[in-house]
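Q:
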Amino acid sequence: MKSVQHPLIAGLLMIGSLAAAAVSAHHNPGVYFDLGAVVIHRDVIAVSFTPSNPQGRLVYSMADTDGAMREWVAELPANNMMRRNGVESDMIQSGDRLTLRGNPGRQGATMLRITHALLPSGHVATFYSPQGTGSLEDLEVN
1 MKSVQHPLIA GLLMIGSLAA AAVSAHHNPG VYFDLGAVVI HRDVIAVSFT PSNPQGRLVY
61 SMADTDGAMR EWVAELPANN MMRRNGVESD MIQSGDRLTL RGNPGRQGAT MLRITHALLP
121 SGHVATFYSP QGTGSLEDLE VN
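At position 88 of the sequence shown the residue is numbered 88 (the working numbering), and the sequence of numbers has no breaks.
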């Protein structure tokens with residue numbers, strides 16, 4: 001009977017650890033981002049665009065209030081969700097100048113949960129559904 005229990009326990013532990021890994025990969029965005037606030041980052045420079053699952057990221061640089069360039073990280077949705085929204089993995093290239101809209105990181109973190117991006121082509125890409133206030137017109141180039 002003991003030989004049957006050990007494989008059963010080992011199997012249950014393996015299933016539990018896989019489930020825990022899946023849950024930790026899908027975090028609540030409200031923990032890291034202020035979903036009630038919306039910011040617009042204008043004239044940022046794309047450093048890297050890495051679509052992946054469960055979340056990708058866009059690393060970009062922009063000037064802070066003192067004019068010094070700082071690197072930021074924008075969270076992207078899963079690659080398959082981006083494709084459903086019409087966002088392709090080659091739409092953003094290193095060096096592209098973008099305007100980004102999204103929810104800022106909490107406590108001054110240089111993070112953004114990107115909802116929309118104005119691309120060099122003039123196309124507005126949708127990443128996540130809008131949260132908070134503001135409109136897409138804010139992304140227009142004046």
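Don't be surprised by glycine CBs; every beta carbon is placed ideally from N, CA and C. In this text the structure is predicted, and so the values were computed from the model without any measurement.
Measuring CA to CA, which of Y32, V38, Q55 is closest to T145?
A: No statement about residue 145 is possible, as the shown extent of the chain runs from 1 to 142 and does not include it.
Q: Could you tell me which of L58, Q93, N80 sits nearest to M111, measuring between CA atoms?
A: Along the sequence shown, one-based indexing puts residue 111 at 111. Checking every option, the nearest Cα to that of M111 belongs to L58.
Q: Going by DSSP, what residues sit across from E71 in a beta bridge?
A: Within the sequence shown, the letter at position 71 stands for residue 71. According to DSSP, E71 bridges with S61.
Q: Going residue by residue through the segment 73-104, where are the continuous beta strand (DSSP E) segments of at least 3 residues, counting only ones entirely within it?
A: With a minimum length of 3 residues, the continuous beta strand (DSSP E) runs that stay inside the segment 73-104 are 97-104.
Q: Run the CB neighbour count on R84, radius 10 Å, all protein chains shown included, and call it buried at 16 or more, exposed below.
A: Along the sequence shown, read from residue 1 onward, the residue named residue 84 stands at position 84. Answer is exposed; the Cβ neighbour count stays below 16.
Q: Can you give me the start and stop residues for the beta strand (DSSP E) that A109 sits inside?
A: In the sequence shown, residue 109 corresponds to position 109, counting from 1. Run containing A109: none; DSSP gives neither H nor E here.
Q: Mark G102 as exposed unless 16 or more other C-beta atoms lie within 10 angstroms of its C-beta, in which case mark it buried.
A: Residue mapping note: residue 102 aligns to position 102 of the sequence shown, counting from 1. Buried, because 16 or more other Cβ atoms sit within 10 Å of the Cβ of G102.
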